[in-house]
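Just so you know, the sequences run in chain order E and Y.
Just so we're aligned: 690 in the UniProt record's numbering is position 690 of the first sequence, and the numbers increase by one with no gaps anywhere.
Just so we're aligned: 131 in the UniProt record's numbering is position 131 of the second sequence, and the numbers increase by one with no gaps anywhere.
What follows is a short report on a single structure.
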Amino acid sequence: MAPRTVDRKRKAPAAAAPEPQSDDEFQDGVFEGALSQSESDDEDFEIVVSDDDDESESDGEGSDENDDEDDGFLSEDIPSDDEAISKGMQDVEITEPGVDPKVEEKEEENLGYKTEKDANGGVRYVYEEIDPVYDSDDSDAQGPENTIGDIPLSFYDSYPHIGYDINGKKIMRPAAGDALQNLLDSIEVPRGWTGLTDINTGNPLNLTDEELELVRRVQMGLVPGDLHDPYPDTVEYFTGIEEKMPLSSAPEPKRRFLPSKNEAKQIMKLVRAIREGRILPYKPPEERQREEEEQEEVHFDLWQNEEAQEPNPMHIPAPKLPPPGYDLSYNPPQEYLPTKEEREEWEKTDPEEREKEYVPQKYDALRKVPAWDDLVKSRFERCMDLYLAPRVRKNRLNIDPNSLLPKLPSPSELKPFPTVTQTIFRGHVGRVRSVAIDPSGTTVASGGDDGTVRVWELLTGRQIWSVKLSSDEAVNAVRWRPTKDAFILAAAAGEDVFLMIPSHASVTPALDQASRDILAAGFGYATNGQQHGEPGKEPAAKWARPGARLEDEGVLIRITVRSQVKVINWHRRGDHFATVSPSGQRSSVAIHTLSKHMTQIPFRKLSGLAQTAAFHPLRPLFFVATQRTIRCYDLQKLELVKVCQPGAKWISSFDIHPGGDNLIVGSYDKRLLWHDLDLSTRPYKTMRFHSEAIRTVRFHRGGLPLFADASDDGTVQIFHGKVPSDQLENPTIVPVKMLKGHKVVNKLGVLDLDWHPREPWCVSAGADGTIRLWM
Amino acid sequence: MGKIKRKGQTGQAKNYLTRTAAVKKLQISLPDFRKLCIWKGIYPREPRNKKKVSKSATASTTFYYTKDIQYLLHEPLLNKFREQKVLEKKISRALGRGDLSDAARFERDAARPDKTGKPRYTLNHVIRERYPTFVDALRDLDDCLSMLFLFANLPSTSAVPAKMIARCERLCMEFQHYLIVSHGLRKSFLSIKGIYYQASIQGEDILWLVPYKFNQRIVGDIDFRIMGTFVEFYMTLLGFVNYRLYTGIGLKYPPKFDQTKDDMAAELGAFAIEGVNMATDPNAPKAIASGETAPTKAHGVDPKVQAAVDKIVRQLKQDDSDKAADEATAAETEVDDEDKIDDSIDKFEPVAPGGDILPQPSSGSSDPAELFSNFTFYLSRETPRQPLEFILRAFGCKRIGWDNVLGEGSFTTDESDPSITHQIVDRPVVQAVVDPEDDGEDNQTSQKLTANQRYPGRTYVQPQWVWDSVNDGELKSPELYAPGASLPPHLSPFVQTKQGQYDPTLPLDAQETEKEALDAEIGDKGEGQSGDEDEDEEEEEEEEEEGSDNDMDVGSANDDSEEEEVDDAEGGSGDEEEDSDGEEASAALQRQAELEAEISGKPVKSKQVDAKLKSKLSARKELEKKAKEEAEDLERAKGMLSKKKRKLFEQMQYTNNKKSAEDLKLRSKRRKHEKEQQAKSKA
């Protein structure tokens with residue numbers, strides 16, 4: 001606070017003077033340009049630098065800092081200022097009177113010099129000051145300069161002068177201009193005006209353009225001097241010292257003495273480009289264009305050394321467009337022209353869906369033919385096809401479709417086969433289980449649920465013989481002995497197999513006697529020969545006479561086996577027959593010898609339940625069908641020959657072709673299978689024409705290529721099945737007829753069927769109690 | 001443990017690439033890829049199992065073989081494409097900088113096929129790769145020629161630069177010239193789409209389509225850039241093919257092209273064909289030069305003088321030929337010791353029976369080079385000059401004249417030239433108003449005759465005569481094709497009739513099935529009884545028409561007689577046909593009698609007709625029954641087939657049935673038409 005008080009002290013007298021007014025004006029920021037226009041022409045300057053001034057002037061960023069600095073500056077300096085001022089005051093007061101007399105003396109004597117007394121009392125010559133002329137190169141003499149040093153000018157506020165020049169003379173304060181001048185100046189700011197006062201002269205400080213620029217640069221924080229380069233390039237000078245020794249002792253490399261390979265390369269590149277004509281001498285563009293146009297395409301024989309190449313197997317050449325047909329003609333035959341409806345239809349369909357892209361047209365003269373509208377489009381589509389359509393090689397079967405069809409025998413060749421019901425045999429009560437035509441083809445035997453065996457005349461349907469075998473058991477199978485020299489029927493009812501001679505009108509006494517002889521022969525053998533089997537073991541079957549009642553009827557032998565017999569099959573010679581009783585475990589299959597009244601059980605063990613069995617028609621082979629397979633045994637060697645696997649779930653029956661090489665199998669799962677025994681163990685053909693289980697299958701044995709199957713759906717189906725004599729050919733199987741007539745009773749339809757030995761006739765036994773003859 | 005196999009790493013998935021993947025692999029844009037595919041002949045494939053092949057979930061449509069794309073990867077053109085891309089980038093960058101002068105410089109350097117019609121690259125190597133032998137190239141020439149002939153007839157647009165069209169035109173002309181010189185043209189067909197030509201070059205049959213000379217309508221969404229790519233390739237191809245063909249027969253290629261003549265629409269005449277070594281055979285080009293030998297100042301030639309000159313020339317020629325004949329006979333006598341060079345195929349006759357007969361190509365009775373060689377043609381104004389000129393020249397005609405309006409290059413422009421033997425006319429016969437004052441007005445043409453006047457001793461035919469003659473290899477009787485006559489149908493020579501297919505050239509009776517014939521006859525009678533009156537009316541109308549026809553024909557007595565002859569000939573042939581059908585002769589007679597009875601207006605003996613009708617009906621019934629039985633048999637046989645085979649069989653049956661249905665329709669139409677015709681002729 002001290003300095004401020006001093007200031008006030010100092011200012012108090014100044015306020016009385018006329019100048020302080022201007023000071024106030026300064027504080028308001030009003031300019032005092034008039035100061036420089038003072039009345040005196042002497043080169044005294046006054047710079048009024050006050051704190052207030054600084055504040056008013058500073059408008060840059062650093063104004064606050066400046067203030068602080070100033071303040072600090074002032075506050076520090078003030079004590080010394082006081083002293084200096086007091087000294088200065090004293091100095092002024094002392095020297096003023098002293099100087100003035102000297103000047104006067106000089107003026108008086110007007111010599112080149114003045115003599116003065118020095119401090120020691122000696123003479124001292126004081127020479128007159130040399131006044132340098134204007135052109136003098138004395139640069140120091142720049143006119144009077146304030147010598148007050150680094151003190152604020154405000155100290156002189158109360159004095160008429162503002163300081164002292166080099167000679168100690170007072171520098172007078174320049175006169176302040178009048179108010180009008182100030183006003184004018186404030187309106188019309190002179191160039192370079194700053195509003196400051198030059199500290200040396202007291203005149204207003206006007207800055208030149210360069211100086212202003214400098215100020216600006218400082219303010220912007222740039223390097224102040226325009227010419228000043230803060231980062232000059234370093235200029236490296238040689239040291240000037242010649243090195244006596246090389247820096248590296250390595251010898252100069254050879255490459256320094258050889259021409260550059262890289263350059264040679266580059267040059268060769270250019271040379272090559274020029275040679276190949278890639279680099280051409282410059283030509284004006286117009287000329288070049290003209291030349292290009294003139295230059296024709298170069299043609300040469302592209303295929304000069306052609307070599308045929310194998311076409312790539314993956315390559316598919318584009319298909320050619322089909323050649324035009326008759327209907328594309330401009331003058332087609334009349335019949336190719338579309339009718340009105342056809343044309344309308346064509347127009348109606350979407351262009352994409354049209355079968356042809358054009359409608360045939362007729363023009364009576366060539367001159368009337370117009371351009372075709374779609375030509376460009378069709379060409380474009382062809383282009384698209386060529387590059388965008390995936391190509392696939394499709395093998396077109398260029399064969400007659402009829403060649404695909406199997407060669408069927410002509411209908412005349414297929415005939416004869418049974419087509420209609422000729423006779424219906426009625427008489428059985430309940431189901432007819434089995435049916436068989438005798439080898440001579442005149443009678444038919446049947447056995448049914450009522451336990452009777454009946455013999456009928458084939459053509460008339462008249463019952464000629466019957467016998468009741470059992471009152472509680474059904475007759476499951478009836479089979480004639482397959483030779484004509486006797487007239488023997490085998491029938492199975494329950495566990496018993498009966499052999500009988502049905503006597504009727506057509507049986508001659510001789511035949512009857514022959515039959516009786518055959519049956520009787522065994523009794524002698526049995527009595528004469530030793531009984532087979534150990535005495536402790538139960539015999540496989542008991543051969544006995546059935547009793548007087550049945551014997552009178554014609555039933556001569558009863559064979560009792562261990563379980564219920566379902567199937568009887570004779571050997572072709574009539575001496576043996578096989579019976580199958582599916583429930584009979586290991587004794588299910590039995591082979592009976594008629595001439596010896598002997599029964600054998602060929603299989604100790606059978607895999608699966610035996611369903612049916614049959615002798616091979618020609619060779620000593622024996623077939624046994626279990627549920628899934630059919631096994632073929634050689635009776636002489638006693639070994640398994642073949643196993644057929646029809647693939648059926650449950651085989652119901654099978655039959656062997658009279659030729660012996662083929663087999664048909666019927667199954668409960670509705671399938672009829674044809675086996676070629678030589679071909680494979682698998683079926684050759686599988687036929688599924690029935691909707692229910694197949695009960696029986698049977699080949700015709702009289703030389704006709706026929707076979708039939710009977711099914712639970714009440715139908716009998718007749719097939720033409722020709723086995724060619726040529727081994728290489730496959731048998732032909734043709735379904736020919738579906739015989740409908742039997743009624744389905746309790747889900748059972750036709751239970752058995754048999755073919756006539758010669759004619760294309762067959763009889764079928766139905767669950768409805770009837771037998772039908774089909775012819 | 002083996003390497004874990006991942007999906008899409010082996011097998012089919014590796015063999016195929018989608019289009020996107022291919023483009024990515026080649027690092028080019030899609031249009032460039034398209035170009036490359038077109039030129040290199042790479043096309044998409046159809047994998048057996050699309051699902052296995054595609055790696056993405058979405059169904060891709062086009063797949064390429066990976067090997068194909070791999071093959072594209074080494075294509076030098078690929079670099080050109082990339083260079084072009086770089087250049088374009090430079091230009092766009094320069095434009096972005098605002099550096100117009102730079103952009104202009106780049107632009108100048110850029111290849112601009114659209115402007116110059118020529119790209120910076122050549123496709124020579126591509127052609128050699130695609131067609132390792134010349135015959136391969138010939139095999140693929142069908143599309144090439146069709147395309148180039150189409151483009152030669154297109155108007156120039158921004159998409160199709162004029163230069164390109166001009167080049168197409170030139171190449172086509174050159175090819176035509178080759179065919180003219182080599183007489184390679186075999187067949188031609190006037191269709192509604194344009195004119196089909198078939199040529200045989202080195203044993204390859206080439207078929208192409210040339211549009212009629214009209215402005216082509218461009219409909220629909222057609223990308224000319226794609227077409228342009230094809231044309232670019234085809235132009236190069238045809239250029240090389242032409243070169244090979246020309247040099248193969250000792251001609252210089254390219255032939256000399258006369259721009260001034262071309263500007264005057266000389267077309268084929270603008271080219272001068274030269275032999276390779278002019279000095280050795282100076283007469284070769286002379287003989288070939290198209291219109292050169294013709295006296296160009298034929299305009300004002302006095303017909304008398306011309307006739308005299310012609311006479312002398314003819315005499316000279318005759319002398320020459322006589323001499324030649326003499327020499328020939330002389331040569332024949334000494335033929336044994338002389339080595340007579342004969343490049344025609346010898347006829348092999350079996351010496352002893354028993355050997356197989358090998359088929360031999362027969363040279364045919366007519367050499368294509370000589371079909372028209374003795375004639376001088378004159379084309380009337382209304383005929384299409386270009387195709388006629390080409391086809392006539394290709395079949396040996398040396399002298400073709402036409403009217404001035406048809407362009408430059410004719411043998412003569414004077415219609416009255418006495419050397420003309422044939423004139424091709426395509427205008428209706430108009431009843432000429434006899435007006436002797438009105439002549440000499442027509443300055444445009446040099447003809448002095450009125451429209452309907454004829455020069456005696458000259459054959460007037462319609463253009464179709466040329467085509468039919470060419471296709472049959474023999475000159476057709478010109479009466480059938482006389483001006484104003486209704487032309488016989490123009491049949492496509494390219495159809496190869498198969499057994500059982502409908503053939504319009506054969507009589508109907510020989511082709512129709514028994515049932516159809518019966519049906520038709522029964523139908524006839526039914527109609528005949530019910531619709532007599534209608535027919536009468538029709539007949540009357542037809543009579544009137546015919547009458548008017550006759551009136552029109554009065555102007556040219558010549559014509560009339562020709563027509564009569566034609567009619568006679570037709571009648572004769574018809575009779576013969578009837579005679580030839582021995583079996584149905586009686587039936588035909590009956591029919592004839594019935595028809596006569598109808599026409600004479602007598603009431604037809606209905607009883608008799610009924611009886612006949614009955615027999616016919618019963619016959620038909622029988623046929624139907626038979627057909628039914630056959631169908632049953634077929635069903636039975638089909639039942640024996642396996643499922644797969646049955647399906648195949650049914651498919652084949654389907655197509656066959658479709659074809660036969662078409663034939664049936666055609667036959668029925670023809671029957672109807674013939675019936676009408678017959679009724680007309682009877683009336």
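Idealized CB from N, CA, C, for every residue including glycine.
| task | List the DSSP bridge partners of V430/Y. | result | In the second sequence, counting from the first residue as 1, residue 430/Y sits at position 430. None, per the DSSP bridge assignment.
| For W465/Y, which three-state DSSP category applies? | Start at 1 with the first residue of the second sequence, and residue 465/Y comes out as number 465. In the structure shown, W465/Y sits in a helix (DSSP, three-state: H, G or I).
| task | Please confirm if residue 812/E has its CB atom under 8 Å from at least one CB of chain Y. | result | Residue 812/E lies beyond the residue range present for chain E, which begins at 1 and ends at 775; the question has no answer from this structure.
| task | Could you check the C-alpha separation between K297/Y and Y196/Y for me, to the nearest Å? | result | Looking up residue 297/Y in the second sequence gives position 297. Looking up residue 196/Y in the second sequence gives position 196. With a pLDDT of 36 at K297/Y, under the threshold of 50, the modelled position of this residue cannot be trusted; read the value that follows with caution. If I take the Cα positions, the gap works out to 35 Å.
| query | Buried or exposed: which applies to H74/Y, given that a residue is buried once 16 or more other Cβ atoms fall within 10 Å of its Cβ? | reply | On the second sequence, residue 74/Y is found 74 positions in, with the first residue counted as 1. With fewer than 16 other Cβ atoms inside 10 Å of its own Cβ, H74/Y counts as exposed.
| request: Compile a chain-ordered list of the residues in the stretch 324 to 336 of chain E whose CB is closer than 8 Å to at least one CB of chain Y. | output: Shown in chain order are the members of the stretch 324 to 336 of chain E whose Cβ falls below 8 Å from a Cβ of chain Y: P324, G325, Y326, L328, S329, Y330, N331, P332, P333, Q334, E335 and Y336.
| task | Locate the alpha helix (DSSP H) running through V218/E, then write down its first and last residues. | result | Taking the first sequence and counting its residues from 1, the one referred to as residue 218/E is at position 218. Per DSSP, V218/E belongs to the alpha helix (DSSP H) from D209 to M220.
| task | Note down the Cα distance separating Q600/E from R772/E, rounded to an integer number of angstroms. | result | Taking the first sequence and counting its residues from 1, one reaches residue 600/E at position 600. Taking the first sequence and counting its residues from 1, one reaches residue 772/E at position 772. Whole-angstrom Cα-Cα distance: 36 Å.
| query | Once you ignore the five residues that flank D449/E on each side, which residues in its own chain have a CB closer than 6 Å to its CB? | reply | By 1-based counting over the first sequence, the position of residue 449/E is 449. These residues qualify, in order along the chain: G430, R431 and A474.
| request: Using 7 Å as the cut-off, classify the Cβ of F189/Y as near or not near the heavy atoms of the ligand NAD, replying yes or no. | output: No copy of the ligand NAD occurs in the structure displayed, which carries no ligand at all.
| Is it true that the stretch 345 to 355 of chain E meets the stretch 488 to 508 of chain Y, where meeting means three or more beta-carbon pairs spaced less than 8 Å apart? | No: fewer than three Cβ pairs fall under 8 Å.
| task | Please check if any C-beta of chain Y sits within less than 8 Å of the C-beta of M687/E. | result | Position 687 of the first sequence holds residue 687/E. Chain Y, which has no Cβ nearer than 8 Å to the Cβ of M687/E, makes this no.
| task | Tell me whether the beta-carbon of T593/E lies closer than 8 Å to the beta-carbon of S653/E. | result | Taking the first residue of the first sequence as 1, we reach residue 593/E at position 593. Taking the first residue of the first sequence as 1, we reach residue 653/E at position 653. It is not a contact, given that the beta carbons lie outside the stated cut-off.
| request: Tell me, please, whether the CB atom of M738/E is closer than 8 Å to any CB atom in chain Y? | output: Taking the first residue of the first sequence as position 1, residue 738/E is located at position 738. M738/E does not count as touching chain Y.
| In terms of DSSP beta bridges, what is H422/Y paired with? | The residue you call residue 422/Y lines up with position 422 of the second sequence. Answer is F377/Y and T459/Y.
| query | Q463/E lies in the beta strand (DSSP E); which residues open and close that run? | reply | Start at 1 with the first residue of the first sequence, and residue 463/E comes out as number 463. That run of the beta strand (DSSP E) goes Q463 to K468.
| said: Bridge partners for R479/E per DSSP, in chain order? | reply: Along the first sequence, one-based indexing puts residue 479/E at 479. A490/E, per the DSSP bridge assignment.
| field | Three-state secondary structure (DSSP) of residue 709/Y | value | With chain Y covering only 1 through 683, there is no way to say anything about residue 709/Y.
| field | Listed by chain order, chain E residues near Q464/Y by CB distance under 8 Å | value | Position 464 of the second sequence, counted from the start, is the residue given in the question as residue 464/Y. Simply N331 and L366.
| message | Just to confirm the assignment, what range does the alpha helix (DSSP H) spanning S186/E have? | response | The sequence position of residue 186/E within the first sequence is 186, counting from 1. Here the alpha helix (DSSP H) through S186/E covers A179 to I187.
| task | Tell me whether A119/E is buried or exposed, calling it buried when 16 or more other Cβ atoms sit within 10 Å of its Cβ. | result | In the first sequence, counting from the first residue as 1, residue 119/E sits at position 119. Exposed, by the Cβ-count rule.
| Span separating the alpha-carbon of P370/E from that of N657/Y | Taking the first residue of the first sequence as 1, we reach residue 370/E at position 370. Taking the first residue of the second sequence as 1, we reach residue 657/Y at position 657. Whole-angstrom Cα-Cα distance: 35 Å.
| So which of N146/E, F417/E, R573/E and R288/E has the shortest CA-CA distance to V763/E? | Translated into positions along the first sequence, residue 763/E becomes position 763. Minimum Cα distance to V763/E is reached at F417/E.
| field | Neighbour flag for R381/Y against chain E, beta carbons, 8 Å | value | By 1-based counting over the second sequence, the position of residue 381/Y is 381. With 8 Å as the cut-off, R381/Y does not count as an interface residue toward chain E.
| field | Start and end residues, alpha helix (DSSP H) containing Q12/Y | value | Within the second sequence, residue 12/Y is the residue found at index 12, counting from 1. Taken as a continuous stretch (DSSP letters only), the alpha helix (DSSP H) holding Q12/Y covers Q12 to N15.
| field | Residue interval of the beta strand (DSSP E) (run including A708/E) | value | For the purposes of this step, residue 708/E is identified with residue 708 of the first sequence, where counting begins at 1. L706 to S711 is the span of the beta strand (DSSP E), which, as asked, contains A708/E.
| request: Give the DSSP bridge partners of G702/E, in chain order. | output: Sequence index remark: in the first sequence, residue 702/E carries index 702 (1-based). G702/E is not bridged to any residue.
| query | If you compare alpha carbons, which of L621/E, E381/E, R426/E and L606/E is closest to G220/Y? | reply | As a working mapping, residue 220/Y is identified with position 220 in the second sequence. Ranking L621/E, E381/E, R426/E and L606/E by Cα distance to G220/Y puts E381/E first.
| request: Report buried or exposed for Q529/Y, applying the criterion of at least 16 other Cβ atoms within 10 angstroms of its Cβ. | output: Residue 529/Y sits at position 529 when you count from the first residue of the second sequence. Note that Q529/Y scores a pLDDT of 46, beneath 50, so its modelled location is shaky; the value from the coordinates is reported in the next line. Flag for Q529/Y reads exposed.
| field | Residues bridged to E263/E [DSSP beta-bridge criterion] | value | To locate residue 263/E, count along the first sequence from 1; it is residue 263. Per DSSP, none; premise fails for E263/E.
| field | Own chain partners of D655/E with C-beta closer than 6 Å, once the 5 adjacent residues on each side are dropped | value | One-based indexing of the first sequence puts residue 655/E at position 655. Excluding positions up to five away in sequence, the list reads I664, V697, R698 and F699.
| Cβ of Q70/Y less than 8 Å from any chain E Cβ? | Indexing the second sequence from 1 puts residue 70/Y at position 70. Not a single CB atom of chain E sits nearer than 8 Å to the CB of Q70/Y.
| What span of residues does the alpha helix (DSSP H) with L355/E cover, start to end? | Here residue 355/E is taken as the residue at index 355 of the first sequence, counted from 1. Looking at the sequence provided, one finds Glu at residue 355/E rather than Leu. No alpha helix (DSSP H) contains E355/E, which DSSP labels as neither H nor E.
| Reference F240/Y, options I568/E, S503/E, H228/E and Q304/E, closest by Cα | As a first step, residue 240/Y must be located in the second sequence, where it is residue number 240. Comparing Cα-Cα distances from F240/Y to each of I568/E, S503/E, H228/E and Q304/E, the minimum goes to Q304/E.
| Under 8 Å Cβ-Cβ, which residues of chain E neighbour T247/Y? | For the purposes of this step, residue 247/Y is identified with residue 247 of the second sequence, where counting begins at 1. Those within 8 Å of T247/Y in chain E are D301.
| field | Interface partners of N124/Y on chain E, CB under 8 Å | value | Residue mapping note: residue 124/Y aligns to position 124 of the second sequence, counting from 1. The contacting residues are L302.
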